[in-house]
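Chains L and V supply the protein sequences, listed in that same order.
Take the first sequence: its letters are residues 53 to 213, numbered as in this note's numbering.
Take the second sequence: its letters are residues 14 to 320, numbered as in this note's numbering.
Take a look at the structure below.
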Amino acid sequence: MSWIRNDRGSAMVLTLVLAPLLLVALAGVLQLGALRVVAARVRAAADLATLVAVNDQDDAELARSGALRLSWDAAVVAREYFARELASSAPLLDGPADEIAAAADIAAYPSAPAYDTRTGTRYDRPTVRVAADVPVRTPVFGALILRPVTILHVLAVGSPR
Amino acid sequence: MKRGGAAAALGLLLLWSSPAFAWDTFLEEGRSEPPVLEAAPDLAPLIATPPGLYYVTDTYVQDVVTSSGPLTTYSTATVHESTGSYARVLDTVPTGASSAFDGSAFNGRAALTDGRSVAGTYYENFVFADGAFVPISIVFFQDDAELARHQATTKPPVTTVPSPAARPSTPRPLVSACCAAERPVVIAVPPAPTKPVRPVISILPVSIPLTMVEVLRGRAVTLWPRAFADGREVPVRSWTVVAGEAGDALATAGSGGVPFRSSWSRLAPPGGAYEVVFRIEVDTPETGHRTVDGAITVVVRSPALQD
Chain L
53 MSWIRNDRGS
63 AMVLTLVLAP
73 LLLVALAGVL
83 QLGALRVVAA
93 RVRAAADLAT
103 LVAVNDQDDA
113 ELARSGALRL
123 SWDAAVVARE
133 YFARELASSA
143 PLLDGPADEI
153 AAAADIAAYP
163 SAPAYDTRTG
173 TRYDRPTVRV
183 AADVPVRTPV
193 FGALILRPVT
203 ILHVLAVGSP
213 R
Chain V
14 MKRGGAAAAL
24 GLLLLWSSPA
34 FAWDTFLEEG
44 RSEPPVLEAA
54 PDLAPLIATP
64 PGLYYVTDTY
74 VQDVVTSSGP
84 LTTYSTATVH
94 ESTGSYARVL
104 DTVPTGASSA
114 FDGSAFNGRA
124 ALTDGRSVAG
134 TYYENFVFAD
144 GAFVPISIVF
154 FQDDAELARH
164 QATTKPPVTT
174 VPSPAARPST
184 PRPLVSACCA
194 AERPVVIAVP
204 PAPTKPVRPV
214 ISILPVSIPL
224 TMVEVLRGRA
234 VTLWPRAFAD
244 GREVPVRSWT
254 VVAGEAGDAL
264 ATAGSGGVPF
274 RSSWSRLAPP
284 GGAYEVVFRI
294 EVDTPETGHR
304 TVDGAITVVV
314 RSPALQD
């Protein structure tokens with residue numbers, strides 16, 4: 053009977069010691085999961101912006117040569133749609149979606165072949181490339197003496213194939 | 014007695030008679046006569062057009078060449094419909110005169126049997142888009158006629174009959190049977206139509222011929238089957254898709270004034286492409302009635318992400 057009583061006491065101590073650790077681990081896991089969800093949404097935003105811009109073709113060039121060529125405003129279209137898509141995740145971003153999209157490195161290569169000086173890639177088709185650093189709020193990480201804002205690096209490249 | 018009974022019965026019937034109260038379909042509209050179907054107004058857009066520009070109510074269909082005995086008439090068939098476009102007169106040219114717009118009309122400018130160009134008028138078509146009038150094409154409305162005699166005649170093959178009343182630069186040199194003697198009449202021998210006809214496919218009515226075109230999957234593209242004879246464009250009477258993958262085209266045949274419009278919702282096998290073959294029919298004095306086949310390779314692409 054006596055060792056049972058001693059066990060009850062040790063269980064309480066053990067719970068008091070481990071509960072904060074468990075809560076911290078749980079919060080960290082939840083924050084990491086939320087960050088992965090935001091990362092997926094940001095990546096989808098960049099992909100969609102790229103595809104929309106690629107879909108914007110120069111009809112005059114098509115009539116002249118029969119070849120697909122990006123419209124002159126493909127980069128503008130990509131930036132606009134990137135901002136629109138980021139706006140749906142605005143509460144999770146550490147900054148306005150417009151400013152994040154404006155700071156993104158978006159390049160359109162209307163004709164091929166072309167070389168991307170940022171990535172060193174050779175494009176054999178007219179290509180739109182979106183590269184952006186998206187700051188995302190991670191308050192739980194901040195409370196855990198980590199960074200309260202996590203930067204997501206996103207890269208999307210699209211072309212008609 | 015019988016007469017009296019019949020009269021009494023008739024009187025009773027008249028007294029008991031009452032209106033039938035049949036439903037008048039037009040009573041609710043406050044009128045007793047059937048509605049008169051009013052002709053649909055020609056809805057010209059309420060847009061202030063610049064001077065010289067007018068709303069099109071008769072649309073070009075095709076060039077028409079008719080022969081009645083020795084008289085050959087060159088005219089233009091139109092249909093009374095409004096496509097929402099505008100037009101202006103570019104140039105009115107008499108028979109044989111050259112114009113700065115020669116070769117720019119999508120339907121070309123035919124020639125008489127002696128090689129001179131027919132008379133007519135060049136029009137430029139516009140559409141109103143984004144607050145401005147955008148030129149889309151140039152069309153030539155031919156309006157001419159000539160008299161010809163067959164080779165069996167003993168007279169010289171080509172003779173010009175002068176006329177004191179003739180004016181060399183008649184604005185509308187249409188010759189009718191009644192007044193043909195009042196102006197120069199060309200007596201010519203119809204040459205055998207031996208000029209080769211070259212088929213051409215282009216995106217616009219007047220644009221560079223293409224042998225290959227890239228299109229995005231599902232996006233509609235317009236292809237104009239055209240024909241050239243001796244370096245000059247000749248009007249296409251009709252075209253038909255005779256081979257290849259026509260995609261989701263609504264029509265696989267049409268007249269020369271109507272383009273082939275289609276979209277392809279499926280990609281070709283990797284590394285492959287669709288080839289569309291048009292059978293183009295022309296019937297002009299310089300070519301005769303001919304059919305030629307023209308092909309264009311269609312490469313269907315789709316926006317895709319790269320790794």
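Each residue gets a CB set at the ideal place from its N, CA and C atoms; glycine is no exception.
Owing to the predicted nature of the structure, the values given are computational and were not obtained by experimental measurement.
Taking CB distances under 8 Å as the criterion, tell me whether residue i reaches chain L.
{"i": "Pro316 of chain V", "result": "yes"}
{"i": "Glu258 of chain V", "result": "no"}
{"i": "Pro181 of chain V", "result": "Its pLDDT being 39, under 50, Pro181 of chain V is placed unreliably by the model, and the measurement read from it follows with that caveat. No, no contact with chain L."}
{"i": "Ile216 of chain V", "result": "yes"}
{"i": "Ile149 of chain V", "result": "no"}
{"i": "Gln155 of chain V", "result": "no"}
{"i": "Ser45 of chain V", "result": "Low confidence applies here, because Ser45 of chain V scores a pLDDT of 44, under 50, leaving its location unreliable and the question unanswered by this model."}
{"i": "Ser278 of chain V", "result": "no"}
{"i": "Leu223 of chain V", "result": "yes"}
{"i": "Val226 of chain V", "result": "yes"}
{"i": "Ser275 of chain V", "result": "no"}
{"i": "Ser220 of chain V", "result": "yes"}
{"i": "Glu246 of chain V", "result": "no"}
What is the residue span of the beta strand (DSSP E) that residue i lies within?
{"i": "Ser133 of chain V", "result": "Contrary to the premise, residue 133 of chain V reads as Gly rather than Ser in this sequence. It spans 133-142 - the beta strand (DSSP E) in which Gly133 of chain V sits, taken as one unbroken run."}
{"i": "Val147 of chain V", "result": "145-155"}
{"i": "Ser117 of chain L", "result": "Note, Ser117 of chain L: premise wrong, no beta strand (DSSP E); alpha helix (DSSP H) at 111-117."}
{"i": "Leu280 of chain V", "result": "Premise fails: Leu280 of chain V is in no beta strand (DSSP E) and is neither H nor E."}
{"i": "Phe241 of chain V", "result": "234-242"}
{"i": "Leu263 of chain V", "result": "Leu263 of chain V -> no beta strand (DSSP E), and no H or E assigned at all."}
{"i": "Ala248 of chain V", "result": "Reading the sequence as shown, one finds Pro at residue 248 of chain V and not Ala. Where Pro248 of chain V is concerned, there is no enclosing beta strand (DSSP E), given that its DSSP letter is neither H nor E."}
{"i": "Pro212 of chain V", "result": "210-215"}
{"i": "Arg230 of chain V", "result": "First-last for Arg230 of chain V: undefined, no H or E at that position."}
Can you tell me the Cα-Cα spacing of residue i and residue j, whole angstroms?
{"i": "Ser62 of chain L", "j": "Ala98 of chain L", "result": "53 Å"}
{"i": "Ala91 of chain L", "j": "Val65 of chain L", "result": "40 Å"}
{"i": "Gly144 of chain V", "j": "Thr62 of chain V", "result": "11 Å"}
{"i": "Val180 of chain L", "j": "Ala126 of chain L", "result": "7 Å"}
{"i": "Val106 of chain V", "j": "Ala132 of chain V", "result": "5 Å"}
{"i": "Ala184 of chain L", "j": "Val234 of chain V", "result": "35 Å"}
{"i": "Ser315 of chain V", "j": "Ala100 of chain V", "result": "37 Å"}
{"i": "Ala317 of chain V", "j": "Val206 of chain L", "result": "17 Å"}
{"i": "Val192 of chain L", "j": "Leu82 of chain L", "result": "9 Å"}
{"i": "Leu198 of chain L", "j": "Leu138 of chain L", "result": "24 Å"}
{"i": "Leu229 of chain V", "j": "Trp237 of chain V", "result": "18 Å"}
{"i": "Val140 of chain V", "j": "Val69 of chain V", "result": "10 Å"}
{"i": "Thr67 of chain L", "j": "Leu84 of chain L", "result": "25 Å"}
{"i": "Thr202 of chain L", "j": "Ala79 of chain L", "result": "16 Å"}
{"i": "Val128 of chain L", "j": "Val69 of chain L", "result": "56 Å"}
{"i": "Ile158 of chain L", "j": "Asp157 of chain V", "result": "59 Å"}
{"i": "Val289 of chain V", "j": "Leu204 of chain L", "result": "47 Å"}
What residues of chain L sit near residue i, judged by a beta carbon separation below 9 Å?
{"i": "Ile293 of chain V", "result": "Those do not exist, as Ile293 of chain V stays about 18 Å from chain L at its closest Cβ, beyond 9 Å."}
{"i": "Val140 of chain V", "result": "Ordered by position in chain L, no residue passes the 9 Å Cβ test against Val140 of chain V, which lies about 14 Å from the chain."}
If I follow the unbroken alpha helix (DSSP H) through residue i, where does it start and stop?
{"i": "Val192 of chain L", "result": "191-195"}
{"i": "Ile152 of chain L", "result": "149-155"}
{"i": "Arg122 of chain V", "result": "Neither: Arg122 of chain V is in no alpha helix (DSSP H) and is coded neither H nor E."}
{"i": "Phe134 of chain L", "result": "126-139"}
Are the C-beta atoms of residue i and some chain V residue less than 8 Å apart?
{"i": "Asp99 of chain L", "result": "yes"}
{"i": "Gly210 of chain L", "result": "yes"}
{"i": "Ala115 of chain L", "result": "yes"}
{"i": "Thr102 of chain L", "result": "yes"}
Anything in chain L within Cβ reach of residue i, meaning under 8 Å, just list it in chain order.
{"i": "Leu229 of chain V", "result": "Asn107, Gln109, Leu120, Pro212"}
Using the beta-carbon of each residue, which ones in chain L are nearer than 7 Å to residue i?
{"i": "Gln75 of chain V", "result": "The contacting residues do not exist; Gln75 of chain V stays about 23 Å from chain L at best."}
Legend entry - Meets three-Cβ-pair contact criterion under 8 Å: the segment 287-295 of chain V and the segment 242-254 of chain V: yes
Inset, instruction - Inspect the CB distances between the segment 116-127 of chain L and the segment 158-165 of chain L and report whether three or more fall short of 8 Å. - result: yes
Legend entry - Inter-stretch contact at 8 Å, needing at least 3 Cβ pairs: the segment 119-128 of chain V / the segment 73-84 of chain V: yes
Legend entry - Inter-stretch contact at 8 Å, needing at least 3 Cβ pairs: the segment 217-224 of chain V / the segment 250-265 of chain V: no
Inset, instruction - Evaluate the contact criterion for the segment 169-177 of chain L versus the segment 138-154 of chain L: three or more CB pairs, one atom per stretch, below 8 Å. - result: no
Inset, instruction - Select from the segment 143-169 of chain L all residues with a C-beta closer than 9 Å to any C-beta belonging to chain C, and list them in chain order. - result: No chain C appears in the structure shown, which is made up of the protein chains L and V.
Legend entry - contact_flag[the segment 80-93 of chain V, the segment 102-116 of chain V] where n(CB pairs < 8 Å) is 3 or more: no
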